[in-house]
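Participant: One structure follows; several queries about it will come next.
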Amino acid sequence: ATSRTGKAQQIWKDVKAELDSNGIEYKFYMTGSRGHAKKLASKICEREGEIKLIVVGGDGTANEVINGICDFDRVKFGYVPTGSGNDLGRGLGISKRKPVDQLNHILNSDETMKMDLGEVITGDGERRLFAISAGIGVDASVCKQALTSKLKKFLNKFGAGSATYSILTVKTLFTMPLCDGVVELDDGTIKKPSNIIFCAAMNHPWEGGGVPMAPKANAFDGKLSVCCVSDIKRIKCFGSFGLLLAAKQDRIKGFDIYDCKSVKINLEDNMVVHADGEYCGEPKSVEFRCIPKAISVII
Numbered sequence: 001a002t003s004r005t006g007k008a009q010q011i012w013k014d015v016k017a018e019l020d021s022n023g024i025e026y027k028f029y030m031t032g033s034r035g036h037a038k039k040l041a042s043k044i045c046e047r048e049g050e051i052k053l054i055v056v057g058g059d060g061t062a063n064e065v066i067n068g069i070c071d072f073d074r075v076k077f078g079y080v081p082t083g084s085g086n087d088l089g090r091g092l093g094i095s096k097r098k099p100v101d102q103l104n105h106i107l108n109s110d111e112t113m114k115m116d117l118g119e120v121i122t123g124d125g126e127r128r129l130f131a132i133s134a135g136i137g138v139d140a141s142v143c144k145q146a147l148t149s150k151l152k153k154f155l156n157k158f159g160a161g162s163a164t165y166s167i168l169t170v171k172t173l174f175t176m177p178l179c180d181g182v183v184e185l186d187d188g189t190i191k192k193p194s195n196i197i198f199c200a201a202m203n204h205p206w207e208g209g210g211v212p213m214a215p216k217a218n219a220f221d222g223k224l225s226v227c228c229v230s231d232i233k234r235i236k237c238f239g240s241f242g243l244l245l246a247a248k249q250d251r252i253k254g255f256d257i258y259d260c261k262s263v264k265i266n267l268e269d270n271m272v273v274h275a276d277g278e279y280c281g282e283p284k285s286v287e288f289r290c291i292p293k294a295i296s297v298i299i
């Protein structure tokens with residue numbers, strides 16, 4: 001499967017040439033429209049026996065494939081990152097590998113690690129798995145806009161698609177309606193933040209194309225790191241962006257991180273929800289929970 005960037009098409013040509021030159025038997029599938037990768041993964045999983053499923057694409061394509069897997073016990077998941085964000089590749093420590101080198105590593109390795117996944121459950125009953133992060137507020141609104149952003153499509157041509165997130169974040173920060181809410185952690189802790197700018201449930205440390213939202217998040221510890229920003233003026237939040245990029249969240253007023261197995265958030269008004277940058281609706285209530293050791297990833 002490939003991401004929606006033009007870069008993925010060229011990388012696939014290189015990957016295909018490597019497979020052919022080594023005489024490796026394989027079947028490949030090109031994704032067409034949004035949701036296609038999920039359908040393909042579901043169909044592939046209808047086969048019997050162990051399946052080595054390799055995704056050549058971006059974070060969104062990887063998310064669709066993960067949501068299409070119906071039997072995780074039989075699947076070994078390999079990932080060759082080619083998107084503009086590449087936060088999953090960054091979290092797995094493979095983002096700097098050349099695609100062909102990563103492919104060879106996957107093909108020649110049987111070593112896997114059981115990685116946690118997260119799950120979004122909205123008040124409307126919708127469910128979606130995520131590998132990187134999920135959240136409400138500014139980051140979710142930015143992800144929704146990025147899906148149809150002409151700016152992102154333009155910047156992708158120059159390999160600078162990740163800059164889209166920074167530009168849209170600034171715009172959204174100053175224009176998005178804020179609301180109050182109640183945050184309930186699985187240990188019974190209850191927080192009542194006002195003027196919520198965002199809450200992000202992090203499985204890996206980075207989202208939004210390399211922003212270290214939760215530097216200590218660990219996708220192999222059975223927990224999510226939930227980052228909440230509230231009770232802070234928008235201009236001060238904007239001024240703290242440099243500290244966020246430098247992973248100095250402890251110096252940002254109104255930035256709290258909670259490690260938990262699950263969290264429920266009830267809002268006064270509807271807010272956008274995302275899972276790995278994919279739009280998940282705009283409910284008034286949402287739950288994020290960790291599914292420990294859910295998927296075997298070829299490391």
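Take the sequence shown: its position 153, counted from the start at 1, is 153 in the working numbering, and no numbers get skipped. Heads up, the beta-carbon is just placed ideally off N, CA and C, and yes, glycines get one too.
Hey, would you say T164 sits closer than 7 Å to S141, going by beta carbons?
Facilitator: To locate residue 164, count along the sequence shown from 1; it is residue 164. To locate residue 141, count along the sequence shown from 1; it is residue 141. No, Cβ-Cβ distance for T164 and S141 is not below 7 Å.
Participant: Would you tell me roughly how many angstroms separate the C-alpha atoms of R289 and G137, rounded to the nearest one?
Facilitator: Within the sequence shown, residue 289 is the residue found at index 289, counting from 1. Within the sequence shown, residue 137 is the residue found at index 137, counting from 1. C-alpha separation (whole angstroms): 18 Å.
Participant: Drop a sphere of 10 angstroms on the beta-carbon of F255, count the other beta-carbons inside from all chains shown, and report buried for 16 or more, exposed for fewer.
Facilitator: Within the sequence shown, residue 255 is the residue found at index 255, counting from 1. That one is buried.
Participant: Return the residue from the list P292, G181, C143 that minimises the CA-CA distance to I167.
Facilitator: Locating residue 167 in the sequence shown gives position 167, where the first residue counts as 1. Considering only alpha carbons, the answer is C143.
Participant: Select from I11, L245, I196, I235 the residue whose C-alpha is nearest the C-alpha of C228.
Facilitator: Here residue 228 refers to the residue found at position 228 of the sequence shown. Residue I196 is the option with its Cα nearest to C228.
Participant: Quick check on DSSP: helix, strand or coil for T172?
Facilitator: Position 172 of the sequence shown, counted from the first residue, corresponds to residue 172. Three-state DSSP puts T172 in a helix.
Participant: Does the beta-carbon distance from I324 to F77 come in below 7 Å?
Facilitator: Outside the displayed span of the chain (1 to 299) sits residue 324, for which this structure offers no information.
Participant: Do T112 and I291 count as a contact pair if the criterion is CB distance below 7 Å?
Facilitator: Sequence index remark: in the sequence shown, residue 291 carries index 291 (1-based). Sequence index remark: in the sequence shown, residue 112 carries index 112 (1-based). The answer is no: Cβ separation not under 7 Å.
Participant: For the ligand ATP, is there a heavy atom less than 6 Å away from the beta-carbon of K233?
Facilitator: Questions concerning the ligand ATP fall outside what the structure shown contains, since it holds no ligand whatsoever.
Participant: Name the two residues that bound the continuous alpha helix (DSSP H) containing T31.
Facilitator: Taking the sequence shown and counting its residues from 1, one reaches residue 31 at position 31. Neither: T31 is in no alpha helix (DSSP H) and is coded neither H nor E.
Participant: Let's see if you can read the secondary structure: which residues bound the alpha helix (DSSP H) around N108?
Facilitator: Against the sequence shown, residue 108 aligns to sequence position 108. Unbroken run through N108: none, as it is neither H nor E.
Participant: Exposed or buried, what is L103 when buried is set at 16 or more other beta-carbons lying within 10 Å of its beta-carbon?
Facilitator: On the sequence shown, residue 103 is found 103 positions in, with the first residue counted as 1. It counts as buried.
Participant: When DSSP builds the beta bridges, which residues end up paired with S225?
Facilitator: Here residue 225 is taken as the residue at index 225 of the sequence shown, counted from 1. Partner(s): M202, D259.
Participant: Have a look at D231 and A247 and give me their C-alpha separation to the nearest angstrom.
Facilitator: Here residue 231 is taken as the residue at index 231 of the sequence shown, counted from 1. Here residue 247 is taken as the residue at index 247 of the sequence shown, counted from 1. Cα-Cα distance, rounded: 20 Å.
Participant: Within 10 angstroms of the Cβ of N67, are there 16 or more other Cβ atoms? Answer buried if so, exposed if not.
Facilitator: Position 67 of the sequence shown holds residue 67. It counts as buried.
Participant: Taking only the alpha-carbon atoms, compute the straight-line gap between D308 and D180 and give it to the nearest angstrom.
Facilitator: Residue 308 is absent from the structure shown; the chain starts at 1 and stops at 299.
Participant: If E306 sits next to S262, beta carbons under 8 Å apart, how far is it from one beta carbon to the other, in whole angstroms?
Facilitator: Since the displayed the chain opens at 1 and closes at 299, residue 306 lies outside it and no answer follows.
Participant: Is it buried or exposed for K38, if we count other Cβ within 10 angstroms and need 16 for buried?
Facilitator: Sequence index remark: in the sequence shown, residue 38 carries index 38 (1-based). By the neighbour-count rule (16 or more Cβ atoms within 10 Å), K38 is buried.
Participant: Could you pull out every residue in the same chain whose Cβ sits closer than 8 Å to the Cβ of D124, ignoring the five residues on either side in sequence?
Facilitator: Within the sequence shown, residue 124 is the residue found at index 124, counting from 1. Cβ neighbours of D124 beyond the five flanking positions: G281, P283.
Participant: Could you give the first and the last residue of the continuous alpha helix (DSSP H) run that contains T61?
Facilitator: Taking the sequence shown and counting its residues from 1, the one referred to as residue 61 is at position 61. 59-68 is the extent of the alpha helix (DSSP H) around T61.
Participant: Look up A134 in the DSSP assignment and give the residues it is bridged to.
Facilitator: Numbered from 1 along the sequence shown, position 134 holds the residue referred to as residue 134. DSSP, once it has assigned bridges, lists A201, A275 as partnering A134.
Participant: Any chance the region 55-62 sits against the region 74-90, with 3 or more Cβ pairs inside 8 Å?
Facilitator: They touch, by the three-pair rule.
Participant: Identify every residue that forms a DSSP beta bridge with M113.
Facilitator: As a first step, residue 113 must be located in the sequence shown, where it is residue number 113. Answer is V297, bridged to M113.
Participant: Go to G89, then tell me how far its alpha helix (DSSP H) extends in each direction, as first and last residue.
Facilitator: Against the sequence shown, residue 89 aligns to sequence position 89. Counting along the chain, the alpha helix (DSSP H) containing G89 begins and ends at 87-91.
Participant: Roughly how many whole angstroms lie between the Cα atoms of D20 and F241?
Facilitator: As a first step, residue 20 is located in the sequence shown; it is residue number 20 there, counting from the start. As a first step, residue 241 is located in the sequence shown; it is residue number 241 there, counting from the start. Near 46 Å, if we compare the C-alpha coordinates of F241 and D20.
Participant: So for P193, helix, strand or coil by DSSP?
Facilitator: Taking the first residue of the sequence shown as 1, we reach residue 193 at position 193. P193 falls in the coil class under three-state DSSP.
Participant: Could you pull the DSSP bridge partners for P283 from this structure?
Facilitator: Numbered from its first residue, the sequence shown carries residue 283 at position 283. Answer is none; P283 lacks a bridge partner.
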